[in-house]
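Novice:
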Amino acid sequence: MLKSTNLIYQKAVALDSDLYHFHDPELIPVGVRLKKLGKKVIYDIHEDVPTQLLHKKYIYKPLRPILSALFKTYQRFACSRFDALIVPQPTMVVNYEKIAGTVLIENFSFVNLDQPVKLNLDNICIFHGGAITVDRGLFNMLSLAEQLRKDDKFYLAGKIEPGLLAQAEQHPGWEKITYLGVIPVEEVSKYYSISNLGVILYNNVDQYNLSYAIKLFEYMSFGMPVLMPDFGEWVGFNQENNCGLNVEVDNQQSVVKALDFIRDNASVHLDMGQNGYVAVREKYNWAVAEDKLISLYKELLSAQ
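Just so we're aligned, residue 1 is where the sequence shown starts under full-length UniProt numbering, counting upward by one.
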């Protein structure tokens, strides 16, 4: 790791840029060294590393709070020296704005902005793509799949570790899953376009209480309502946008009840889907975030 960061530092110095923007926590020492050269440095904080360290199973449990506290102190020290901090979640701002200038630039993607097609609502069709883990709701999704009707579809795409895949295959809900494995990016839009319900059933661990997930905005951009957690920021986000239903993610009855409500109420289904689509088109898209990022660059460079 030390060798890699030294190589990155040397490359950064060779570029002789006016401004450097990084987001990997491992590169914090590089950012600090660049500041010593008088460079403008932005740290883009994507992860809550101190919290993550508390849940790393490969770390001896009594050491986790110690390592978490040490990293938090180190990160605070480093951040106070940077010219700006960027965070992707609204609730993260308060944690950093007292350390250094902090800007909220959401991690939006280039989402679909074509007017969503009105889909057949007789049967439920779900697509869930991305990293698949226990914390990201694998078994919560399988519990939902177990209760799907004969003609409903549930497509699952993404990497699953072999041991976890073996466990999933023993779950009764696996029979209702069409597992696609890892698929090309261009295939993702195809499956979104035939789906009519989004599901995000993350467990309440690490940062999964934060609602600004790219997957959420992708579902919304395709005009489908979303079943989402009933904890953390997810509740307020849905109250503001009315784009789905909040559910107890690990309560099969709660999730199935919400699904059946959407299935049986076509007008609600379409209204929630349209609400989500409009929200993404107007405020939750990269074009909006991009303007804030460019403004930050201009502000820092003009202050030289």
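Yeah, the Cβ is synthetic: ideal placement off N, Cα and C, and Gly gets one too.
Spatial neighbours of Tyr179 within its chain, please: CB distance less than 7 angstroms, with the 5 preceding and 5 following residues excluded, ordered by chain position.
Specialist: Leu156
Novice: At what residue ranges does the stretch 40-103 contain a whole run of the beta strand (DSSP E), taking only runs of 3 or more?
Specialist: For the stretch 40-103, whole beta strand (DSSP E) runs of length 3 or above, ordered along the chain, are 40-44, 84-87.
Novice: I'd like the ranges of any alpha helix (DSSP H) spanning at least 4 consecutive residues and lying wholly in the stretch 228-284.
Specialist: Within the stretch 228-284, the runs of alpha helix (DSSP H) that reach at least 4 residues and sit entirely inside it are, in chain order, 233-241, 252-264, 266-282.
Novice: Is Phe139 helix, strand or coil when you go by DSSP?
Specialist: helix
Novice: Give the C-beta separation of Asn246 and Gly232 to the nearest angstrom, bearing in mind that I take them to be a contact with Cβ-Cβ under 8 angstroms.
Specialist: 10 angstroms between Cβ atoms; not a contact.
Novice: How would you label Leu70, buried or exposed, when you count the other beta carbons within 10 angstroms and need 16 or more for buried?
Specialist: exposed
Novice: How big is the Cα-Cα spacing for Phe82 and Met272?
Specialist: CA-to-CA, the gap between Phe82 and Met272 works out to about 41 angstroms.
Novice: By how many angstroms is the C-alpha of Gly223 removed from the C-alpha of Leu300?
Specialist: 38 angstroms
Novice: Can you tell me which of the three DSSP states Gly130 falls into?
Specialist: coil
Novice: For the stretch 225-240 against the stretch 159-168, do three or more pairs of beta-carbon atoms, one drawn from each stretch, fall closer than 8 angstroms, so that the two count as touching?
Specialist: no
Novice: Applying the criterion that 16 or more other CB atoms from any shown protein chain within 10 Å of the CB defines a buried residue, is His128 buried or exposed?
Specialist: buried
Novice: Nearest-angstrom Cα distance between Gly173 and Gln274?
Specialist: Cα to Cα, Gly173 sits roughly 30 angstroms from Gln274.
Novice: Going along the chain, which residues of its own chain have a beta-carbon closer than 6 angstroms to the beta-carbon of Asn107, five neighbours each way excluded?
Specialist: Around Asn107: Pro88.
Novice: Taking Phe217 as part of the alpha helix (DSSP H), name the residues at either end of that continuous run.
Specialist: In the DSSP assignment, Phe217 falls within the unbroken alpha helix (DSSP H) covering 214-221.
Novice: Between the stretch 88-107 and the stretch 24-37, do at least 3 Cβ pairs fall closer than 8 angstroms?
Specialist: The answer is no - the stretch 24-37 does not touch the stretch 88-107, with fewer than three Cβ pairs under 8 angstroms.
Novice: One question on the structure: do Ser68 and Thr91 come within less than 9 angstroms of each other, judged by their Cβ atoms?
Specialist: no
Novice: Can you tell which of Ser80, Phe77, Asp24 has the C-alpha that lies nearest to the C-alpha of Ser4?
Specialist: Asp24
Novice: Got a sec, what are the start and stop residues for the beta strand (DSSP E) Lys153 sits in?
Specialist: 153-157
Novice: Which stretch, first to last residue, makes up the alpha helix (DSSP H) that contains Gly163?
Specialist: 162-169
Novice: Below 8 angstroms on the Cβ atoms is my guess for His21 versus Leu121; work out the distance and round it to an integer in Å.
Specialist: Between Leu121 and His21 the Cβ distance is about 44 angstroms, and since that is not below 8 angstroms, they are no contact.
Novice: Assuming Gly130 and Lys190 make a contact with CB atoms under 8 angstroms, what is their CB distance in whole Å?
Specialist: So it is not a contact: roughly 16 angstroms between Cβ atoms.
Novice: CB Gly158 to CB Met220, shorter than 9 angstroms?
Specialist: Inclusion of Gly158 and Met220 in the CB contact set at 9 angstroms is not warranted, their separation being larger than that value.
Novice: Going by DSSP, what residue range makes up the alpha helix (DSSP H) through Gly31?
Specialist: 28-36
Novice: Which of the three DSSP states, helix, strand or coil, is assigned to Tyr9?
Specialist: helix
Novice: How would you write the range of the alpha helix (DSSP H) that Arg194 sits in, first residue to last?
Specialist: With the sequence shown as reference, residue 194 is identified as Ile, and Arg is not the correct amino acid for it. First-last of the alpha helix (DSSP H) with Ile194: 185-194.
Novice: For the alpha helix (DSSP H) containing Ile294, list its first residue and its last residue.
Specialist: 286-302
Novice: Assuming contact is defined by CB atoms lying nearer than 9 angstroms, are Asn203 and Asp264 in contact in what I supplied?
Specialist: no
Novice: Is the CB-CB distance between Ala289 and Ile105 below 9 angstroms?
Specialist: yes
Novice: Quick one: what's got a C-beta closer than 7 angstroms to Ala258's C-beta in the same chain, skipping five residues either side?
Specialist: Taking Ala258 as the centre and dropping the five residues before and after it, the same chain places the C-beta of Leu227, Leu245, Val247 closer than 7 angstroms to its C-beta, in chain order.
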